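Peer 1:
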Amino acid sequence: MDFQSARFITSAPSLNQCPEESLPEFCFAGRSNVGKSSIINRITNKKRLARTSNTPGKTQQMNYYRIGDSCFFVDLPGFGFAKVPQKERDRWGKDIQEYLLKRKTLKLIFHLVDSRHNPTKLDEDFFYWMGSNGKPFAVLLTKSDKLSANKLNSSKSITKNFLSEMNIEVPVLACSAVTGAGIDEVQQLINDFLNIE
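At the far end of the sequence shown sits residue 196, using numbering that gives the first Met the number 0, and the numbering has no gaps.
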């Protein structure tokens, strides 16, 4: 698949404003400021495709990017520290949950976790929710360039243990938007899911 063929399509505030269900979708979820937009940019090798910001909560809608005639990437609003009113955060939560539960073309959820920290309570809750609802997902440990090899291996083990305690077995990949480490594995996983079709 030509990941560089990516282009921005639309921003959808809710499920009923998402594009017609035509191509497989891969969505990117996680806490605010975990690096979702940066990872999308690195996977597609386009520095300015997804807008990045140092301000948590900048992505406030579901941003759709079309990868040629193969699939869509969907950048979801972050949860956690976003500097927006609680009412707005609650609305995001409902809209995202509806998207994750009802979108028939959604093939895989990438749950991004900062590799420098243990999964938070919000991350754990999301692991459990996806597992309970039978949603296929993978964990991407971002910002791996900030850690030594030993610390990164430890971070992977801790995350796998969290999942194992919930009786969940999914891919856990370490990656870096800065160096590109692990990005080829993420691309391979996407291709694998498309080939299942």
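Note that the Cβ used here is the ideal one computed from N, Cα and C, for glycine as well. All values reported here derive from a predicted model rather than from experimental measurement.
How many angstroms separate the CA atom of residue 13 from the CA atom of residue 60?
Peer 2: Numbered from 1 along the sequence shown, position 14 holds the residue referred to as residue 13. Numbered from 1 along the sequence shown, position 61 holds the residue referred to as residue 60. Taking the straight line joining both Cα atoms gives about 8 Å.
Peer 1: Taking 8 Å as the threshold (C-beta atoms), are residue 99 and residue 107 in contact?
Peer 2: Numbered from its first residue, the sequence shown carries residue 107 at position 108. Numbered from its first residue, the sequence shown carries residue 99 at position 100. No.
Peer 1: Could you say if the stretch 24 to 44 and the stretch 158 to 166 meet the contact criterion of at least three C-beta pairs nearer than 8 Å?
Peer 2: Counting Cβ pairs under 8 Å, fewer than three are found: no touch.
Peer 1: Does the stretch 136 to 146 come close enough to the stretch 63 to 71 that 3 or more CB-CB pairs lie under 8 Å?
Peer 2: No: fewer than three Cβ pairs fall under 8 Å.
Peer 1: Which of helix, strand or coil does DSSP assign to residue 24?
Peer 2: For the purposes of this step, residue 24 is taken as residue 25 along the sequence shown, with counting starting at 1. Residue 24 falls in the strand class under three-state DSSP.
Peer 1: Around the C-beta of residue 47, are 16 or more other C-beta atoms found within 10 angstroms, so that it is buried, or is it exposed?
Peer 2: Residue numbering aside, residue 47 sits at position 48 when the sequence shown is read from its first letter. The residue is exposed, with fewer than 16 neighbouring Cβ atoms inside 10 Å.
Peer 1: Indicate the three-state DSSP secondary structure (helix, strand or coil) for residue 42 in the structure shown.
Peer 2: Counting from 1 along the sequence shown, the entry for residue 42 is found at position 43. Three-state DSSP puts residue 42 in a helix.
Peer 1: Is it right to say residue 121 is buried, meaning 16 or more other beta carbons lie within 10 angstroms of its own, or is it exposed?
Peer 2: Position 122 of the sequence shown, counted from the first residue, corresponds to residue 121. So residue 121 ends up on the exposed side.
Peer 1: Alpha carbon to alpha carbon, how far is residue 93 from residue 183? Give it in angstroms, no decimals.
Peer 2: Taking the sequence shown and counting its residues from 1, the one referred to as residue 183 is at position 184. Taking the sequence shown and counting its residues from 1, the one referred to as residue 93 is at position 94. Their Cα atoms are separated by approximately 33 Å.
Peer 1: Would a C-beta distance cut-off of 8 Å place residue 189 and residue 25 closer than the cut-off?
Peer 2: Within the sequence shown, residue 189 is the residue found at index 190, counting from 1. Within the sequence shown, residue 25 is the residue found at index 26, counting from 1. In contact: residue 189 and residue 25 (Cβ atoms closer than 8 Å).
Peer 1: Just the Cα atoms here: how many angstroms apart are residue 186 and residue 164?
Peer 2: For the purposes of this step, residue 186 is identified with residue 187 of the sequence shown, where counting begins at 1. For the purposes of this step, residue 164 is identified with residue 165 of the sequence shown, where counting begins at 1. Each residue's alpha carbon lies about 28 Å from the other.
Peer 1: For the beta strand (DSSP E) that residue 121 lies in, which residues bound it at each end?
Peer 2: For this step, residue 121 is matched to residue 122 along the sequence shown. Premise fails: residue 121 lies in the alpha helix (DSSP H), 120 to 131, not in any beta strand (DSSP E).
Peer 1: Among 176, 50, 10, 113, whose alpha-carbon lies nearest the alpha-carbon of residue 41?
Peer 2: Translated into the one-based positions of the sequence shown, residue 41 becomes position 42. Among 176, 50, 10, 113, the Cα nearest to that of residue 41 belongs to 176.
Peer 1: Take residue 17 and list the residues in its own chain whose beta-carbon comes closer than 6 Å to its own, dropping the five residues that flank it on each side.
Peer 2: Here residue 17 refers to the residue found at position 18 of the sequence shown. So the qualifying residues of the chain are 11.
Peer 1: With DSSP as the reference, label residue 254 as helix, strand or coil.
Peer 2: Here the chain covers residues 0 to 196 and nothing more, so residue 254 does not appear.
Peer 1: Roughly how many angstroms lie between the CA atoms of residue 21 and residue 130, to the nearest whole one?
Peer 2: By one-based count along the sequence shown, residue 21 stands at place 22. By one-based count along the sequence shown, residue 130 stands at place 131. Rounded to whole angstroms, residue 21 to residue 130 spans 25 Å at the Cα level.
Peer 1: For the beta strand (DSSP E) that residue 137 lies in, which residues bound it at each end?
Peer 2: Stepping through the sequence shown from its first residue, residue 137 is reached at position 138. Taken as a continuous stretch (DSSP letters only), the beta strand (DSSP E) holding residue 137 covers 136 to 141.
Peer 1: Measure the Cβ-Cβ separation of residue 69 and residue 193 and say whether it is below 8 Å.
Peer 2: Taking the sequence shown and counting its residues from 1, the one referred to as residue 69 is at position 70. Taking the sequence shown and counting its residues from 1, the one referred to as residue 193 is at position 194. Their beta carbons are under 8 Å apart, which means residue 69 touches residue 193 by this criterion.
Peer 1: Between the C-alpha atoms of residue 111 and residue 51, what's the straight-line distance to the nearest angstrom?
Peer 2: Taking the first residue of the sequence shown as 1, we reach residue 111 at position 112. Taking the first residue of the sequence shown as 1, we reach residue 51 at position 52. Going by the C-alpha atoms only, they are around 15 Å apart.
Peer 1: Can you give me the C-alpha to C-alpha distance between residue 77 and residue 178, rounded to a whole angstrom?
Peer 2: Walking along the sequence shown from the start, residue 77 turns up at place 78. Walking along the sequence shown from the start, residue 178 turns up at place 179. In a straight line, the C-alpha of residue 77 is about 23 Å away from that of residue 178.
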